[in-house]
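Here is the structure we will look at, set down as structure tokens.
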Amino acid sequence: MISVQEIESACEASRPLDFSRHDVEAPELVHAKIFYPYGFPTEVRTNASQIFTHYQELWGKFEKRFDTDTIRVAVHVVEGQSTECPPAPTYRVMMPLMVIVADSDNYAIADLAQNKTQVTVSWAAVKHSQYLRYFFLDSTACQHISTRHTTPVHAGCVALNGRGVLLLGDSGAGKSSLSYACARAGWTYIADDSSFLLNGGSKRMIIGNCHQVRFRPTAAELFPELEGLEITPRSTGKPSIEMPMTFFPEVICAQTTHVDFLVFLNRNSEGPPELVPYRREVARNFMRQILYGLPETRAAQFAAIDRLLTAEVFELRYRDLDWAVQRLETLAREGS
């Protein structure tokens with residue numbers, strides 16, 4: 012606020028005063044750039060060009076694949092009241108809004124009906140790239156992609172000779188390790204533990220982030236090439252080894268594949284190693300539990316899951332990783 016005396020002085024000096032922007036307004040967004048996360052057009056506007064560096068790391072390797080309505084993202088960077096890394100945020104869904112709040116300087120609001128997200132983050136958050144990307148930037152488009160256009164599936168995905176296999180299971184089930192083990196054995200790598208099933212149409216098409224892979228630190232015991240690589244503390248508290256797939260030039264990568272088989276992983280089975288049929292109803296509820304969104308988008312996602320379940324569903328009981336890869340190879344080649 013300008014005091015009355017300051018206004019008087021300005022008027023006496025015939026000095027114009029600019030009240031075009033209120034003090035509580037977020038910074039003006041003067042930079043704009045288009046990205047294509049998972050192939051979907053997304054326009055990012057911001058007042059800080061440094062934000063584009065983070066988005067380039069997240070989405071820069073994706074090319075345009077879909078002619079959908081552009082997702083609109085606004086990122087306001089403010090000074091903030093702290094120089095420390097902000098706390099982990101809280102998530103709330105209040106349809107049609109998805110709200111993410113860490114503190115008074117770091118929050119985001121995604122309007123799922125309007126296909127846009129507005130973000131305010133502090134410069135302190137910008138300095139902590141893992142925090143910024145994981146909690147705020149990556150979700151700015153993914154919230155819309157995973158409700159409007161796709162159905163997210165907690166699964167890794169690999170393909171052999173054009174036949175895709177989804178590897179499903181709880182956190183720690185071994186999805187990333189088995190996905191990578193298949194990839195180093197000559198399979199095509201699509202995703203390690205997060206896949207997106209395209210809504211609509213008649214095909215069972217999956218898209219994934221084939222440009223990175225994430226391991227638990229214990230994966231170095233299985234794969235000698237990971238020995239000595241940096242362990243990154245995840246924003247969620249779980250340490251991991253996160254690597255771009257360019258680190259493994261021999262691996263074949265693809266952003267999409269058609270799914271022929273769903274395989275639930277069970278590496279703690281007491282019995283003999285085997286691949287057995289699995290209940291579709293369990294698979295259906297496992298995939299439905301993570302969904303949220305508008306009623307019409309939920310209906311499209313439920314239909315996409317039912318379409319996905321026209322593929323064969325199995326449980327893979329194993330302890331030896333090499334055996335698991337060989338058994339999946341037989342499945343992909345022979346269909347059983």
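Numbering (the working numbering), first residue to last: 12 to 347. For each residue, glycine too, the CB sits at the ideal point set by N, CA and C. Predicted model only: the values in this text are computed from it and were never measured.
T268 sits close to A170, with the two beta carbons spaced by under 8 Å. Every beta strand (DSSP E) of 3 residues or more that sits fully in the stretch 312–344 is shown, in chain order, as 323–328. Pairwise C-beta distances place the stretch 322–340 out of contact with the stretch 150–158, as fewer than three of them are shorter than 8 Å. Between L233 and L319, the C-beta gap is not smaller than 8 Å, which leaves the two residues out of contact. Secondary structure of T257 (DSSP, three-state): helix. Around the beta-carbon of Y66, 16 or more other beta-carbon atoms lie within 10 Å, marking it buried. A distance of 8 Å or more separates the beta carbons of D331 and P283. Counting of Cβ neighbours within 10 angstroms places W198 among the buried residues, the total reaching 16 or more. Judged by their CB atoms, E36 and N58 are not nearer to each other than the 8 Å cut-off.
By the Cβ-count criterion, A99 is exposed, with fewer than 16 other Cβ atoms from all chains shown falling within 10 Å of its own Cβ. In this structure, S190 sits away from D181, with a CB-CB distance that is not shorter than 8 Å. Taking all protein chains in view, the Cβ of W70 is crowded by 16 or more other Cβ atoms within 10 Å, so the residue is classified as buried. Taking one beta carbon from each stretch, the stretch 75–92 and the stretch 113–133 have 3 or more pairs nearer than 8 Å; the two touch. In this structure R83 is in contact with K127, their Cβ atoms being roughly 4 Å apart against a cut-off of 8 Å. Bounds of any alpha helix (DSSP H) do not take in M106, whose DSSP letter is neither H nor E. Under DSSP, N117 forms a beta bridge with D114. Taking each of A21, G185 and T101 in turn and checking the Cα distance to V336, the smallest one comes out for G185. Spatial neighbours of T79 in its own chain (CB-CB distance under 7 Å, excluding positions within 5 residues in sequence) are listed in chain order as F51, P52 and H160. At a Cβ-Cβ threshold of 8 Å, V270 and G175 count as neighbours. In the three-state reduction of the DSSP assignment, Y49 falls in the helix class. Less than 8 Å separates the beta-carbon of M298 from that of V164.
Around the beta carbon of C22, fewer than 16 other beta carbons lie within 10 angstroms, which makes this residue exposed.
Following the DSSP letters along the chain, one finds H65 inside the alpha helix (DSSP H) bounded by residues Q61 to W70. In this structure, T94 keeps its C-beta atom at 8 Å or more from the C-beta atom of A315. For S188, the enclosing alpha helix (DSSP H) begins and ends at K186 to R195.
Put simply, the backbone Cα of L108 is about 39 Å away from that of G173. The same chain holds no residue with a CB closer than 6 Å to that of S14 once the five nearest residues on each side in sequence are set aside.
Distances from the alpha-carbon of T158 to those of Y142, I301 and L327 put I301 closest.
Here V274 really is in contact with L178; their C-beta atoms are around 6 Å apart, less than 8 Å.
The stretch 147–174 is shown to contain whole alpha helix (DSSP H) runs of 4 or more residues at 149–155, in chain order.
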